[in-house]
Amino acid sequence: MAYFDEAELYSGFAAEMWAAYDEKGWDHAYYKAVILANGGPALDIGCGTGRLLRSYLQAGMDVDGVDISADMLAHCKRLAAEQGLRAPTLYHQPMQALDIPRRYTTIYIPCGSLACVMKRDEVRETLRRFHRHLEPDGELVFNLFIEEEQTAGKTFPSEWVGWSKADLPDGRKLQVDRRVMKADRIDQAVTEHRRYRIYDGEALVHEEIRTGGYRWYTHNEALWMLEATGFRVEKVNGDYKDEPFSEKHAGTMVIHARRV
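As numbered in the numbering used here, residues 5 to 264 make up the sequence shown, in order.
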């Protein structure tokens, strides 16, 4: 399995894309309800440009953030200042090396970001570090996407598929496309390319392609990893709804676990 530079993948134009992308709809209310129910401070893992964090700060909530990308964090600080928010407390660290001085009642990981930790021993270490940064009985909540790329019969590399568009501060437009290069059903890992194209009007003025990847996990595999690293799994919901994860859910499973 080839590994990639996650910090590089989410720098430069990738950070520009997320800074312009402000859609909160699918998970904003869900994680907010968890944080409020637990009370106390929360930590946003892979906070990026503050898609959720800034909104929670605006609501008066006590939320810190951590991310591997310095560019993402710089955008988060800038956007928070533009919104008139207090300066967020942000840490520039990979989640698998999490080491900060505060403890939290809630740690949440949006966007399926745990799957970006590609090495299995590092996933276990990541969960152990989350455990250490939670208060006793603190809650870890995160989603894992239901992976379809591993389905037999698909041909790779896939075709390029439009993924996102963004208007840049200088007036140019950013188009992001994605294609799957390989889906390894044995190793449960996907390798993908992301293509960033910059347009000035109708003219293509810049193009770059970056390589990324992620792992997928089955329901039982995720629960075993949590139980092996000191957590008690409370529930697994489907598609950000307050209902048990089942075959009818086509998007994501959301796992709730507490520090034992």
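Even glycine gets a Cβ: it sits at the ideal position worked out from N, Cα and C.
For Leu148, the three-state secondary structure derived from DSSP is strand. Under the three-pair Cβ rule at 8 Å, the segment 77-88 does not count as touching the segment 125-133. When DSSP states are grouped into helix, strand and coil, Lys123 belongs to the coil group. For the 7 Å CB-CB criterion, Ile39 and Val70 do not form a contact. In the structure shown, Val264 adopts coil according to DSSP, grouped into three states. Within its own chain, the residues whose Cβ lies closer than 7 Å to the Cβ of Phe146, once the five positions on either side in sequence are excluded, are Tyr112, Ile113, Leu118 and Ile259, listed in chain order. Counting C-beta pairs closer than 8 Å gives fewer than three between the segment 230-249 and the segment 202-222, which falls short of the contact rule. Distances from the CA of Leu227 to each of Gly52, Met257 and Tyr25 were compared; the closest alpha carbon is that of Met257. When DSSP reads this structure, Tyr35 sits in no beta bridge, so it has no partner.
In this structure, Ser15 places its C-beta atom within 7 Å of the C-beta atom of Asp75. Distance between Asp141 and Asp174, taken at the CA atoms: about 47 Å.
A straight line joining the alpha-carbon of His253 with that of Tyr244 spans about 10 Å. Considering only Leu144, Arg189 and Asp204, the residue with the shortest C-alpha distance to Ala170 is Asp204.
By the criterion of a C-beta distance shorter than 6 Å, Thr195 is surrounded in its chain by Met185, Lys186 and Gly217, once the five residues flanking it on both sides are discounted. Put simply, the backbone Cα of Asn241 is about 20 Å away from that of Leu56. Under the DSSP definition of a beta bridge, Ala41 lacks any partner. About 5 Å separates the beta carbons of Thr109 and Glu139, which is inside the 8 Å limit, making them a contact pair. Ranked by Cα distance from Arg124, the options Met229, Phe149, Leu178 and Glu251 are led by Met229. Looking at the DSSP output, Val258 sits in a beta bridge with Asn147 and Asn241. In this structure Ala232 is exposed. Its beta-carbon is surrounded by fewer than 16 other beta-carbon atoms within 10 angstroms. Take the alpha-carbon of Lys177 and the one of Ala78: they are about 20 Å apart.
For His197, the secondary structure class from DSSP, reduced to helix, strand or coil, is strand. Along the length of the segment 38-92, whole beta strand (DSSP E) runs at least 3 residues long occupy 46-49 and 67-71, reported in chain order. Gly43 and Gly88 have their C-alpha atoms some 24 Å from each other. Distance check between Arg58 and each of Ile72, Ala23 and Ala41 places Ala23 closest, using alpha-carbon atoms only.
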